[in-house]
Each structure stands twice: as C-alpha cells, then as structure tokens.
C-alpha cells in the first residue's frame, strides 16, 4: 500500500493531468454535440486498433490449428482426386469399379534442400503417424519424392530433385511409358528416357505418373513436354520436360500409403525365388 502511495506522490503531476483531462472530456461530451461526435469517432478508431491487435494475436495462436484442419479436409479431397485421375485414363470398356488401395496423409515440410545434385526434404510426420519408408510423397501439383527413413515424429524424403531418383511416367496422349529424372539445374527442368521412337509425340503433351510402381497411382499430372528429338542410334527419344510444380517452393505435402504394398512385395519375392 505504501508503494502505491509513494508512486502516486512521485507521479502526482501526470496523474492529476490525466484526471483533469478525463473530467474535461466527459464535460465536453455531455455539453457539446460536436465534441461528442469527435470523441465517438476517436473512440471508434481506438477500439478498431485494439480489435485488430487482438484479432491478429488470436490468428497467430490459432493459425496452426486452422492449417491442420484445412490439411485434414484436403486429405479427403486428394483421395478423390487421385482416384478420379486414374479412372478417367482407362477406355470406356474398362471404366468399372476398381480397387484403389492408396490413401493420403497431410504433412508440413520443415526442411527442403534444392542446391545440390542429391536433395532431400524433412516432413513433420513419423512412424507414430503411420509413415513408413518407401511411401510416395506428392503435392497439389505433382510428385515431391519418396520417403527414405522415419523417426518417431519426422521423416526424410528423397526429393524428386535428386539425380539418382527415376520415376515411371506416361505420356497422356500417346500412352508411351518412360523414366523421368531431374536434369540437376532448374528445379522445373526434367528429362524423360526410354521412350521408344515408334511413339507419337508432340510438344505440350501432359506427363503423368505411369502407375507401374507401388509408390504412386496412375494419372497424377506432373508437367508437359517442352521439346524432344530422335536418337536413331539408340532408338529412343530424348525428351525435355517442364514440371508444373517448383519443388523448391513446397511447404505442404501428402504422403501416399499403398495398403497393398506388403502383398506386392511378397509376390515380387516369390517370383524371384
């Protein structure tokens, strides 16, 4: 109590000035319509500023919660999109109900390297979230990579921007298959190998996942053919491709779970024995 009294005595002039100012404003507010309107206007500005500060603070603390909710909603939409992409590529006679074993899990990218020839990512989901090695990772606009190793809460991903990684792809119009790999320079520049020269190609043809691996379903759009030339010696095309997604600028991803992966691995092992 004594400290409060000492503080009032020490700052008596500012306290007295503030008290007199408040009394004066109240007096003007009650006696003058002009001053009343001016005080209301400034009060509105003050309250608006305080509200904006409070709103921004609330948004900051709830931003992660909102993002998690949106990612959960996007998981369901991505499941539907992946399934519809594959079905639409089959001839009408084959458009019957098919088994689609892929499910997606949303994750955030917390580290993304893209300056070396063998890049990787780290995402904030691990084995406690059902992530295991050799799961595919995609974004809204294409492939991101394949899960390599997993800890309790995090996973490392071999980036598509890794020259050791080759992805089975298909050309949407010609139906030709090939192997896509990064050129090692621009994050959006890729090449496609192993496309035979009897395939009918055209610039701008869409490149999609081929569906021949257990990592990715058929039909995910990846990019377009930017140029190509024939190599008569090898009998294959040399194809340059431009990716839709700049993988170096990805912050949210989806990990693809293939529920049939163990069956596929067992069949492969039985075939080799």
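In my numbering, the protein residues as written are 2 to 274.
Don't be surprised by glycine CBs; every beta carbon is placed ideally from N, CA and C.
Just to confirm before moving on: does the CB-CB distance between residue i and residue j stay below 8 angstroms?
i           : j           : result
residue 161 : residue 146 : yes
residue 110 : residue 122 : yes
residue 107 : residue 76  : yes
residue 149 : residue 140 : no
residue 19  : residue 115 : no
residue 256 : residue 112 : no
residue 270 : residue 185 : no
Which whole-angstrom value describes the C-beta separation of residue i and residue j, a residue pair presumed to lie in contact below a C-beta threshold of 8 angstroms?
i           : j           : result
residue 254 : residue 138 : 5 angstroms
residue 258 : residue 136 : 6 angstroms
residue 235 : residue 204 : Incorrect: roughly 21 angstroms between the Cβ atoms, too far for contact.
residue 242 : residue 192 : 7 angstroms
residue 251 : residue 208 : Contact doesn't hold; Cβ gap of about 18 angstroms is too wide.
residue 210 : residue 220 : 6 angstroms
residue 166 : residue 182 : 7 angstroms
residue 1   : residue 202 : Only positions 2 to 274 of the chain appear in this structure, which leaves residue 1 out of reach.
Run the CB neighbour count on residue i, radius 10 Å, all protein chains shown included, and call it buried at 16 or more, exposed below.
i           : result
residue 199 : exposed
residue 131 : exposed
residue 215 : buried
residue 174 : exposed
residue 218 : buried
residue 307 : Given that the chain is displayed from residue 2 to residue 274, the structure contains no residue 307 and the question cannot be resolved.
residue 240 : buried
residue 273 : exposed
residue 95  : Low confidence applies to residue 95: its pLDDT is 47, below 50, so where it sits in the model is not reliable, and the reading given next is rough at best. Burial call: exposed.
residue 267 : exposed
residue 188 : buried
residue 197 : exposed
residue 144 : buried
residue 265 : exposed
Please name the residue or residues paired with residue i in a DSSP beta bridge.
i           : result
residue 144 : 139
residue 192 : 182 and 241
residue 108 : 254
residue 150 : 157
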